[in-house]
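J.:
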């Protein structure tokens with residue numbers, strides 16, 4: 407893609423998200439979401455592959471539907487209450503339609519079906535943008551809407567997402583689909599705690615972005631999209647395989663890695679709020695996700711591809727990709743657990 411066009415598209419992505427962040431009026435927020443969607447479509451379709459075009463079409467249709475629902479919710483609220491402010495969305499019909507639309511935007515279960523299919527048709531870097539940056543603007547709106555939404559609805563959305571995210575990834579062999587289901591499960595963790603401790607939602611979102619970025623950048627560096635191909639990675643780059651296995655375990659939420667921190671704090675907060683059953687279901691759903699992360703770790707570190715040549719081949723060319731972003735995200739994804747007390751101090 408032409409670098410000037412790429413710069414314009416990436417700037418528009420940033421502009422759309424910033425516009426939604428800064429808006430207090432529903433029309434301005436909707437406009438930001440639309441700019442965001444329109445800016446990523448050319449990035450998704452840039453390879454002109456039938457799968458990429460199909461994924462772009464599916465993404466466009468779901469996002470357009472969600473945008474229309476947001477417009478419907480905001481105009482309904484303005485008609486019935488006389489308010490366009492995001493904070494004053496108080497009519498039950500308007501709030502329910504708005505949260506359904508935003509759930510569709512970020513791929514929460516039960517409106518998650520587009521997410522694995524779309525991610526499977528994209529290249530890894532565009533998939534990374536879709537899994538991280540594209541979640542920010544809708545999440546900002548969900549956080550502003552949270553006080554007006556029925557807590558039971560948010561809890562059900564969160565529980566369904568963690569269960570579907572864990573269950574759906576079990577029988578997948580395509581890494582992009584596994585990461586899509588991982589994204590759905592993580593979104594569930596963020597939503598379930600939103601009304602009780604929004605700062606924990608932000609913490610979970612931040613750690614999710616770093617861990618997912620590390621996973622996507624590793625797969626990009628090793629040009630891997632299937633579990634079978636992972637088995638060849640250890641002979642090419644043993645150190646990267648070791649750190650990637652740790653990143654995957656961090657995504658699964660195992661101590662002493664960064665991913666354990668948000669899960670631990672969220673379960674603690676749910677128990678404090680008198681929701682032990684919800685906390686138990688969330689912890690059990692995390693085990694489902696942990697299984698398919700362990701499956702990836704097993705494939706990477708403990709299995710050997712039948713045709714692997716153990717010697718370093720002289721014709722293997724060095725990668726020209728930047729490895730600094732991967733190093734930074736991997737470090738953050740592995741080593742932030744010791745600063746948990748500091749984060750709790752800032753949050754309080």
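In the numbering used here, the protein residues as written are 407 to 754.
C-beta: ideal position from N, C-alpha, C; glycine also.
Under DSSP, the alpha helix (DSSP H) around residue 592 begins and ends at which residues?
T.: Looking at the DSSP string, the run of the alpha helix (DSSP H) that includes residue 592 is 581 to 598.
J.: Do you know whose CA, among 556, 448 and 466, lies nearest residue 501's CA?
T.: Selected option, being the one with the closest Cα: 556.
J.: If you drop the 5 nearest sequence neighbours on each side, which residues of the same chain put their C-beta closer than 7 Å to that of residue 540?
T.: Result list for residue 540: 442 and 446, in chain order.
J.: By Cβ distance, which residues of its chain are closer than 7 Å to residue 459, with the 5 residues on each side in sequence left out?
T.: Excluding positions up to five away in sequence, the list reads 451.
J.: Could you tell me if residue 699 is buried or exposed, where buried requires 16 or more neighbouring beta carbons within 10 angstroms of its beta carbon?
T.: By the neighbour-count rule (16 or more Cβ atoms within 10 Å), residue 699 is buried.
J.: Classify residue 745: buried if its beta carbon has 16 or more other beta carbons within 10 angstroms, exposed otherwise.
T.: Its Cβ having fewer than 16 others within 10 Å, residue 745 is exposed.
J.: Is it buried or exposed for residue 706, if we count other Cβ within 10 angstroms and need 16 for buried?
T.: Label assigned to residue 706: buried.
J.: Whose CA, out of 476, 493, 475 and 499, lies closest to the CA of residue 486?
T.: Answer by Cα proximity: 499.
J.: By a C-beta neighbour count over all protein chains shown, 10 Å radius and 16 as the cutoff for buried, is residue 645 buried or exposed?
T.: Flag for residue 645 reads exposed.
J.: Compute the distance between the beta-carbons of residue 553 and residue 511, then report whether it is under 7 Å.
T.: Contact: no.
J.: Using a Cβ-Cβ cutoff of less than 8 Å, which residues in the same chain neighbour residue 515 once the five nearest sequence positions on both sides are dropped?
T.: So the list reads 563, 566, 567, 569, 570, 571, 590 and 594, once near-sequence residues are dropped.
J.: Which residue wins for smallest C-alpha separation from residue 548, given the options 671, 596 and 579?
T.: Ranking 671, 596 and 579 by Cα distance to residue 548 puts 596 first.
J.: Can you find the residues in the same chain that come closer than 8 Å, C-beta to C-beta, to residue 675, ignoring five residues on each side of it along the sequence?
T.: 599, 602, 603 and 606.
J.: Between the alpha carbons of residue 431 and residue 550, how many angstroms are there, rounded?
T.: Looking at the two C-alpha atoms, the distance is approximately 12 Å.
J.: How far does the alpha helix (DSSP H) with residue 602 in it reach, from first residue to last?
T.: No alpha helix (DSSP H) holds residue 602; DSSP gives it neither H nor E.
J.: Taking the alpha-carbon positions, what's the residue 425 to residue 584 distance?
T.: Approximately 31 Å, taken between the alpha carbons.
J.: For the alpha helix (DSSP H) that residue 446 lies in, which residues bound it at each end?
T.: 432 to 450 is the span of the alpha helix (DSSP H), which, as asked, contains residue 446.
J.: Please report the residue range of the alpha helix (DSSP H) in which residue 675 lies.
T.: Counting along the chain, the alpha helix (DSSP H) containing residue 675 begins and ends at 666 to 678.
J.: In angstroms with no decimal places, state the Cα-to-Cα distance between residue 629 and residue 685.
T.: Going by the C-alpha atoms only, they are around 38 Å apart.
J.: Looking only at DSSP bridge pairs, what is residue 632 linked to?
T.: The partner list for residue 632 (beta bridge, DSSP) reads 580.
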